[in-house]
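**Q**
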Amino acid sequence: MEYLSRCMNQLKSNLDFNFHPRCEKLNITHLMFADDLLLFARADKISVKLLLDAFSKFSSASGLEANMDKSNIYFGGASVLDKTDILAGEKISEACLPFGYLGVPLSSKKMSYQQCKPLVDKILARAKVWSTKFLSYAGRLFLIKTILFGMQTFWCQIFILPKRIIKEVEAYCRCFLWTGDTAASKKALVAWDKLYLPRNSSSWSVDSFYMKGKNPLQVPTPGSVLGLLKRFSTIERLFYRLVDGTKLLLMGNIALVRLYTTDRLQAWGIQCTDKCVMCSVGKETVEHLFFDCCFSSTVWNKVLLQIGIHGSSTGFASELHKVVKRIRKTGVVDKLYVMCFTEAIYSIWLARNAVIFKRPTKSIENIAREILFRVCCRGSEELRSRLLHN
Ligand SMILES: [Zn+2]
886 MEYLSRCMNQ LKSNLDFNFH PRCEKLNITH LMFADDLLLF ARADKISVKL LLDAFSKFSS
946 ASGLEANMDK SNIYFGGASV LDKTDILAGE KISEACLPFG YLGVPLSSKK MSYQQCKPLV
1006 DKILARAKVW STKFLSYAGR LFLIKTILFG MQTFWCQIFI LPKRIIKEVE AYCRCFLWTG
1066 DTAASKKALV AWDKLYLPRN SSSWSVDSFY MKGKNPLQVP TPGSVLGLLK RFSTIERLFY
1126 RLVDGTKLLL MGNIALVRLY TTDRLQAWGI QCTDKCVMCS VGKETVEHLF FDCCFSSTVW
1186 NKVLLQIGIH GSSTGFASEL HKVVKRIRKT GVVDKLYVMC FTEAIYSIWL ARNAVIFKRP
1246 TKSIENIARE ILFRVCCRGS EELRSRLLHN
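Numbers in my numbering are just positions in the sequence shown, counted from 1, shifted up by 885.
1. In whole angstroms, give me the CA-to-CA distance for I1194 and F1180.
2. Hey, could you find the ends of the alpha helix (DSSP H) H1206 is sitting in?
3. Look at the alpha carbon of L936 and the alpha carbon of S1021, and state the distance between them as a whole number of angstroms.
4. Determine the closest residue to S997 out of A1236, R1049, M893, V1188, with distance taken between C-alpha atoms.
5. How far does the beta strand (DSSP E) with M917 in it reach, from first residue to last?
6. For I928, count neighbouring Cβ atoms within 10 angstroms of its own Cβ and tell me buried if that reaches 16, exposed if not.
7. Cutting at 7 Å between CB atoms, please list the residues of its own chain near S1276, excluding the five before and the five after it.
8. Output the distance between the C-alpha atoms of C1001 and S978, rounded to the nearest integer angstrom.
9. Looking at ligand 1, does it come within less than 6 Å of G1167, judged from the CB to the closest heavy atom?
10. Run the proximity test for C1161: is its beta-carbon closer than 6 Å to any non-hydrogen atom belonging to ligand 1?
11. Could you pull out every residue in the same chain whose Cβ sits closer than 7 Å to the Cβ of N903, ignoring the five residues on either side in sequence?
12. Taking a contact to mean a Cβ-Cβ separation below 7 Å, would you say A939 touches L982 in this structure?
13. May I ask you to check if the CB of C1164 is nearer than 6 Å to at least one heavy atom of ligand 1?
14. Going by C-alpha distance, which of S1248, I1249, K1247, L1272 is nearest R1259?
15. Could you tell me which of V1188, D921, T1146, I1155 sits nearest to K1168, measuring between CA atoms?
16. So what does K1168 bridge to, in DSSP terms?
17. Go to G1035, then tell me how far its alpha helix (DSSP H) extends in each direction, as first and last residue.
18. Buried or exposed, going by whether 16 or more other CB atoms sit within 10 Å of the CB of S947?
19. Determine which residues share a DSSP beta bridge with E979 and list them.
20. Using only alpha-carbon positions, find the residue among M1036, K994, C1164 that is nearest to L1009.
21. Among the residues of its own chain, which have a CB less than 7 Å from the CB of L889, if the five just before and after it don't count?
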C-alpha cells in the first residue's frame, strides 16, 4: 500500500494531471480503508487515464488487481460529452451517488428521505426478527434503547436525518415496544411523550430529543410530567436494586396507574364489565385491586403477618407511600416489605388475569405462599432466615 501511495503521489507533480476541484487544496488523489480504494480526479480523459495508469503500475508490481465488476465511476457536475468520452476509454461502469460504504450511504449533499430509507428498513428487519420471540416489555425496551436507537445514533453521528425518518423510526419502536410486532394493533400503556425523556429522567425513557433550534443545556423536561417523574424515578431507582426488570415495569405501570384495568378499557370505549372479577363487588381500578379488594387485601395481610407486621392494608396510595419510605432504610423488615409488596402486586395481577382468561386459579393461601417463596429465592441469606424464623 505504501507503493500505491507513492505511485499516486507521483501524479501530483505531473502537469497533465488535474486534481478533483474539491481535492486540490488538500492534495488528495486517493483514500483507502481496508480493501476499499477511492480515487479522485477532475473529469477529463487524461487525468482519469493517468490515475488508472498509476494504479495499473501498482497492480503489475504487487499482483493486486481491482475487481472491475465491483468498481464504479461516479461523476459530479461533469458534462454528458465528458462522461461518454471517459466511459468509452475505460472499462468501468458508471453509478450514481450516494453509494453505500461501511453501512451508510455516502453523499456530498443533505440526505433525502429516500436515501435514509435503508435505515428504517434495517430497523424494521431487526424488529421483525425479534418479534417472533416472546420478550417482556422490559426486554423490548432494552432492545429499543440499545440496538434500535443505537442504529439510529450511528447514522445521526454522520448525517442530519430528515424529521420524517426520525418519526418513522419512533413509530416502529413504539409499536415494537407495546405489541412486540411492527404493526400497530394495541393501545400504548404509557404515552410516547412520557417515555420520550432524557435518559437520566427515568429508565423508561427512550432518549431521543428534537434539538433543532434549542440550546442543549436548556432543554426543559415537560412540566406536565415533572411531578409524576419525580415520584416515579425515585420509586423506580430504589426498586431496581430489589426486583427484576419485568416486575419493575409492572411497578412502573402501576405507579403511573397504567394497567389495563377495566376502568381504563371503558374509558377507551371498549365494552366490558367494570366489576372486579376477584370479588364481583367493587369497580375494578388500580386502587381497588391493590388492596381494597377483599381478595387482594387478604393475600397482602397474610404476607404481612409472615414478615411480622400486624395490621391491615391501608389502600394503594398509602401502601406505596410506605414502600417508598421503607426503600430508603436498610433494615431486614424494610427490605422484606418492599420485596413482598412487589411480588404481591405481580402475583395479584397474574391471579386476576387467570380468572379473566379462565385459566386455573390458585387459592389465597397458595398465592401468599408463592409470594414468600419468591422473596426467599431472591433475597439474601439474612432475609431468608428471618422469613423462615417467622
Ligand atoms: Zn375486588
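Where a beta carbon is used, it is the ideal one built from N, C-alpha and C, also for glycine.
**A** On the basis of the data shown:
1. 19 Å
2. 1201–1212
3. 57 Å
4. R1049
5. 915–918
6. Residue 928 is actually Ala in this sequence, not Ile. When all chains shown are included, A928 counts as buried.
7. The shown model of the chain, from 886 to 1275, leaves out residue 1276, and the question about it has no answer.
8. 25 Å
9. Because some heavy atom of ligand 1 lies under 6 Å away, the Cβ of G1167 counts as near it: yes.
10. yes
11. A926, R927, D929, S932
12. No.
13. yes
14. Checking every option, the nearest Cα to that of R1259 belongs to L1272.
15. Of V1188, D921, T1146, I1155, the residue nearest in Cα terms is T1146.
16. K1160
17. 1034–1043
18. exposed
19. I958
20. Measuring from the Cα of L1009, the nearest candidate turns out to be M1036.
21. F943
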